[in-house]
Structures are given as C-alpha cells and as structure tokens.
Amino acid sequence: MEVQETRIQTDRVLTIPNLLSMARLLGVPLFLWLVLSPEFGGPDLDGWALLVLALSGVSDYLDGKLARRWNQVSALGRVLDPAADRLYVLATLVGLTWRDILPLWLTVFLLTREAMLLVTVWRLDRHGYAPPQVSFLGKAATFNLMYAFPLLLLSDGSGWVASLAAIFGWAFAGWGTALYWWAGILYVVQVRRLLAADATAD
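Remember, the working numbering sits 754 above the position in the sequence shown when you count from 1.
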C-alpha cells in the first residue's frame, strides 16, 4: 500500500466506480448467506455463491480501472474499494472455515494480518493522514485469494473437477497468503518511516 496519493481526487460520490464498489459491498452478506445455506439445512447454493464471487472480482477490476481512466478517483472510492476487498476476504474466510474447507490456522493467520493493518491505519489517522491507497502488490494478493476461494469452494465435492480445483485453489491460496503478508509488512514499514520522519520534523 502507498501512503501518499499523487492522482487528483474528487469529492464526488455518485460516480460509476463508486457505484460498482457499493454494489460489491452489498454482495458480501449475499455471498455469506449463499455459502452457509447448507450448514443451516438449506439447499446447496454454491453455484450462486461462485457467481457472486466472480462478479465481485470483475467489479473490483473495473472500479479501479474506470476511476483512473475517467479521472474519477475519489476520497470515498479510496475507502470503499479496500473496504469491499477486506469484507469479501473476511466473509469468505468465515464461510469456508465454517464449512471446514479452510483450516482454522490459515484463517487466523490472514485475520492477524488484517488486525495488524487496522492498528497501523488507526495510527495514521491519529497523525492526520488519509486512508492509504491500495498498492499493486496488495491488489495482486487480493486477486490471488479471490481466485483461491472459489476454487476451494468448488473443491468441496468429488470427481476430477473437484480434484483439479483443490490443486489450483491451494496454489493460489499459498501465493495469495504470502503476498498478503508481504504487502502488509511493507506497508507497516512504510508507515513507521513516515511517522518517524513526522516526529523528527516536529
């Protein structure tokens, strides 16, 4: 993640990129309900859950691309985009862990990274800095995880499709987890340097 933003921002709220991010946020509880349906005696809705995840991935790609292309980068968008990413990761971790598709240790490992970043963002806010922009490395980590999760959900079955999904799903999960932590550590280091320089200037 990057602390400073070099692109001109707008205070507009009703932009197409922001509407895409809002729609992605609304999909979070829908996805969680779909994926947990079998756990509460409901029908198997994994196909619909996969569709919601796929659409969220498309919107995640489009909102950033359109914001840059149409000069619609906004303060709200800088909050909505990473918030939607994190909520989808959180909802997927909860759903897949509940269904014993993901091991608890991996979920705790990823959530620990999120807790670390929350503390870091809180420190930034105390010093008057705006929420950070998502970096390419952070986006790459999220994309890997968002590929991993639907594949792992698809692996919760039998046959060669489930077997292939498990292989590729765990490969993406491994890379995604490593990149997720790498991006988080780099961000913490960057913030520490910024705050140290700020303290020296004072």
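C-beta atoms are modelled at their ideal positions from N, C-alpha and C, and glycine is treated no differently.
Next item on the list: To the nearest angstrom, report how far apart Val875 and Glu868 are at their CA atoms.
Entry: 10 angstroms
Look at the alpha carbon of Leu773 and the alpha carbon of Ser810, and state the distance between them as a whole number of angstroms. 13 angstroms
*asked:* Between Gly796, Leu878, Asp814, Leu907, which has its C-alpha nearest Ala803's C-alpha?
replied: Leu907
Query raised in the report: Between His881 and the rest of its own chain, which residues show a CB-CB distance below 8 angstroms, the 5 nearest in sequence each way excluded?
Result: Leu949, Asp952
Looking at the ligand ZN, does it come within less than 6 angstroms of Tyr842, judged from the CB to the closest heavy atom? As presented, the structure is devoid of all ligands, the ligand ZN included, so that no description of it is given.
| What is the DSSP secondary structure of Ser828, counted as helix, strand or coil? | strand
**Report entry** Interface flag, Leu933 vs chain C, CB-CB below 7 angstroms
**Finding:** The chain inventory of the structure shown lacks chain C, comprising one protein chain alone.
**Request:** Mind listing, in chain order, the continuous alpha helix (DSSP H) runs of no fewer than 4 residues lying wholly within the region 774-853?
**Result:** 800-823, 829-852
For this session: Within its chain, find whatever has a CB closer than 7 angstroms to the CB of Thr851; leave out the 5 residues flanking it on each side and keep chain order.
Result: Here the set comprises Leu858, Thr861.
Item checked: Boundaries (first-last residue) of the alpha helix (DSSP H) holding Asp879 -> 858-880
For the alpha helix (DSSP H) containing Tyr901, list its first residue and its last residue. Looking at the DSSP string, the run of the alpha helix (DSSP H) that includes Tyr901 is 890-908.
Next item on the list: Would you tell me roughly how many angstroms separate the C-alpha atoms of Leu841 and Gly938, rounded to the nearest one?
Entry: 16 angstroms
Please classify Lys819: is it buried, with 16 or more other beta-carbons within 10 angstroms of its beta-carbon, or exposed?
exposed
CB contact flag (Phe863, Ala902, <7 angstroms)
no
My output table needs one value for Ile855: the three-state DSSP class, helix, strand or coil.
coil
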